[in-house]
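First up is the structure itself, then whatever we jot down about it.
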């Protein structure tokens with residue numbers, strides 16, 4: 006029996022809708038593409054034999070491991086440097102993570118999926134260029150950018166474009182570029198260009214791997230593009246939404 010995921014092309018392990026899927030994300034994409042009604046959608050948690058108990062979830066396991074290490078570090082003197090370093094590091098990055106999740110929430114609530122798919126889901130080299138441009142314009146550090154990249158992927162961005170975005174944004178975003186030129190002058194161009202080249206090269210490598218089905222590709226089917234929104238205009242859609250939006254008290 007063919008167990009290839011019809012969405013990403015990888016080997017599937019979760020049976021649903023007559024196919025095998027590698028993740029719940031691919032199941033939801035399949036249901037969205039085939040307009041499956043809510044009452045017929047697959048329930049991963051309530052399916053017989055499916056789903057992972059909450060205590061076996063990776064997030065729970067990692068969280069508990071960190072909590073245990075923190076408690077031991079606070080109690081055992083030999084491990085106290087770990088506790089102290091963790092708290093100091095958390096004080097430095099907590100605000101960046103919060104901002105990242107805040108921007109990700111804005112993208113999730115206000116930015117339609119089709120906008121992301123228009124520029125970051127196509128299986129083309131220009132998609133990598135778009136991702137690098139977005140990363141260059143996005144002012145975020147390496148911690149906050151993770152939450153934003155996660156939301157872009159959920160909204161339909163390909164793996165290759167997300168990787169290029171992740172590499173371009175922390176290293177060569179616009180504020181960092183201005184600071185680098187202020188500190189190092191023209192020599193900063195070498196740093197910025199190197200960061201952009203690394204982002205582009207890595208993105209193209211992942212793009213190649215997507216075509217061969219070696220990495221997950223949220224918008225690909227067996228290495229090929231799904232339907233592309235070639236005729237879709239974001240500008241026209243924004244104007245249409247503005248005209249049709251009703252400015253009422255509940256809204």
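Numbering (my numbering), first residue to last: 6 to 256.
Just so it is clear, CB atoms sit at the ideal spot from N, CA and C, and this is done for glycine as well.
As the structure is a computational prediction, the values presented were derived from the model and not from experiment.
Determine the DSSP secondary structure at residue 242, reduced to helix, strand or coil.
-> Along the chain shown, read from residue 1 onward, the residue named residue 242 stands at position 237. Helix.
Using 10 angstroms around the beta-carbon of residue 132, count the other beta-carbons present and answer buried if the total reaches 16, otherwise exposed.
-> Position 127 of the chain shown, counted from the first residue, corresponds to residue 132. By the 10 Å Cβ count, residue 132 comes out buried.
Residue 160 by DSSP, collapsed to three states: which one?
-> One-based indexing of the chain shown puts residue 160 at position 155. Coil at residue 160, not helix or strand.
State the DSSP-derived secondary structure class of residue 109, mapped to helix, strand or coil.
-> Here residue 109 refers to the residue found at position 104 when the chain shown is read from its first residue. Three-state DSSP puts residue 109 in a helix.
Does DSSP classify residue 30 as helix, strand or coil?
-> Sequence index remark: in the chain shown, residue 30 carries index 25 (1-based). If DSSP states are grouped into helix, strand and coil, residue 30 belongs with the helices.
Run through the stretch 56-130 for me and flag every whole alpha helix (DSSP H) of 4 or more residues, listed as ranges in chain order.
-> 63-80, 85-115 and 118-125
Can you tell me which of the three DSSP states residue 35 falls into?
-> Here residue 35 refers to the residue found at position 30 of the chain shown. If DSSP states are grouped into helix, strand and coil, residue 35 belongs with the helices.
In the DSSP assignment, what residue or residues form a beta bridge with residue 180?
-> The residue labelled residue 180 in the question sits at position 175 within the chain shown. Bridge partners of residue 180: none, in fact.
Leaving aside the five residues before and after residue 182 along the sequence, list all residues of the same chain whose C-beta is less than 6 Å from its C-beta, in chain order.
-> In the chain shown, residue 182 corresponds to position 177, counting from 1. Closer than 6 Å at Cβ, skipping near neighbours: 197.
Can you name the start and end residues of the alpha helix (DSSP H) that residue 196 belongs to?
-> Position 191 of the chain shown, counted from the first residue, corresponds to residue 196. Counting along the chain, the alpha helix (DSSP H) containing residue 196 begins and ends at 193-216.
Taking Cβ to Cβ, would you say residue 173 is nearer than 8 Å to residue 121?
-> The residue labelled residue 173 in the question sits at position 168 within the chain shown. The residue labelled residue 121 in the question sits at position 116 within the chain shown. Cβ distance not < 8 Å, so residue 173 and residue 121 don't count as in contact.
Is residue 25 closer than 8 Å to residue 32 when the C-beta atoms are compared?
-> Taking the chain shown and counting its residues from 1, the one referred to as residue 32 is at position 27. Taking the chain shown and counting its residues from 1, the one referred to as residue 25 is at position 20. No. Outside cutoff.
Buried/exposed call for residue 178, threshold 16 Cβ in 10 Å | To locate residue 178, count along the chain shown from 1; it is residue 173. Label assigned to residue 178: buried.
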